[in-house]
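Visitor: In this note's numbering, the protein residues as written are 41 to 263. For each residue, glycine too, the CB sits at the ideal point set by N, CA and C. Structure provided below as structure tokens; questions to follow.
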């Protein structure tokens with residue numbers, strides 16, 4: 041961040057103006073005094089204090105500043121809780137506030153987009169790759185549980201009816217959950233079809249099981 045100039049009646053006021061503009065505490069600001077200012081003589085010839093200041097760089101601050109700008113443009117008040125594991129290079133961000141459904145969006149699409157943009161901003165500011173995860177009210181864990189149950193229910197239907205089933209379009213991460221849940225299933229297989237944003241998972245019976253024998257709605261090794 042480049043240095044910006046701030047003025048005040050004195051140095052304390054100039055620094056306070058810098059803190060307010062940069063949304064930072066005094067510990068987070070780097071500054072240099074250009075002019076201490078002067079009260080003049082009996083108020084005559086007075087001049088304001090002048091400093092040059094900028095916010096110290098931190099990868100956490102980069103993420104928070106970006107999100108604050110987004111929420112400010114949306115006229116939303118959102119509390120940001122950030123935890124950064126420097127060893128694992130993982131950044132977990134929890135968003136807290138009212139009407140958070142707006143930021144989640146349909147099937148989490150808005151949240152995914154916001155996470156993607158935050159990841160771009162964070163990783164552009166560093167040479168290291170940092171994994172960014174955004175969450176709201178534990179939405180991602182709840183969504184994963186829903187998808188796991190969906191995958192298992194669809195697999196049971198495919199086993200019973202012997203017909204493949206197409207699921208609704210999902211994000212890449214949600215498709216991975218479906219694939220992972222059924223990866224070790226002996227009777228069904230999964231594949232992704234279509235182009236984004238309509239790419240979806242297809243759950244189909246495994247053909248090799250047909251060759252080994254299928255009888256009366258049940259496989260032999262299920263008897």
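If I measure Cβ to Cβ from residue 95 and keep anything under 7 Å in the same chain, skipping five residues before and after, which residues do I get?
Guide: If we look at residue 95 and ignore the five residues flanking it on each side, its Cβ neighbours are 41, 62, 64, 68, 69 and 101.
Visitor: What separation, rounded to the nearest whole angstrom, lies between the Cα atoms of residue 131 and residue 117?
Guide: Rounded to whole angstroms, residue 131 to residue 117 spans 21 Å at the Cα level.
Visitor: Kindly indicate which three-state DSSP category residue 177 falls into: helix, strand or coil?
Guide: The answer is coil: DSSP assigns residue 177 none of H, G, I, E or B.
Visitor: Determine the direct distance from the alpha carbon of residue 75 to that of residue 55, and round the result to whole angstroms.
Guide: 12 Å
Visitor: Report the residue ranges of all alpha helix (DSSP H) runs contained in full by the stretch 84-115; include only those spanning at least 4 residues, in chain order.
Guide: 99-113
Visitor: Would you kindly work out how many angstroms separate the C-alpha atoms of residue 113 and residue 79, rounded to a whole number?
Guide: 39 Å
Visitor: So residue 232 is in the alpha helix (DSSP H); what residue range does that whole segment cover?
Guide: No alpha helix (DSSP H) holds residue 232; the beta strand (DSSP E) holding it covers 228-233.
Visitor: Express the C-alpha separation of residue 174 and residue 154 in angstroms, rounding to a whole number.
Guide: 8 Å
Visitor: Beta-carbon within less than 6 Å of residue 221's beta-carbon, same chain only, minus the 5 sequence neighbours each way: which residues are those?
Guide: Excluding residues within five positions, the ones whose Cβ falls inside 6 Å are 188 and 191.
Visitor: In whole angstroms, what separates the C-alpha of residue 87 from that of residue 49?
Guide: Residue 87 and residue 49: Cα-Cα distance of roughly 8 Å.
Visitor: Counting only runs that start and end within the stretch 140-195, where is the alpha helix (DSSP H) found for 4 or more residues in a row?
Guide: 141-144 and 149-164
Visitor: Locate the beta strand (DSSP E) running through residue 135, then write down its first and last residues.
Guide: 130-136
Visitor: Put residue 308 into one of helix, strand or coil per three-state DSSP.
Guide: No answer is possible for residue 308: the residues shown for the chain start at 41 and end at 263.
Visitor: Under 6 Å Cβ to Cβ from residue 136, same chain only, skipping five residues before and after it: list those, please.
Guide: Excluding residues within five positions, the ones whose Cβ falls inside 6 Å are 119.
Visitor: Out of 163, 72 and 152, point me to the one whose CA is closest to residue 213's CA.
Guide: Of the candidates 163, 72 and 152, 152 places its Cα closest to the Cα of residue 213.
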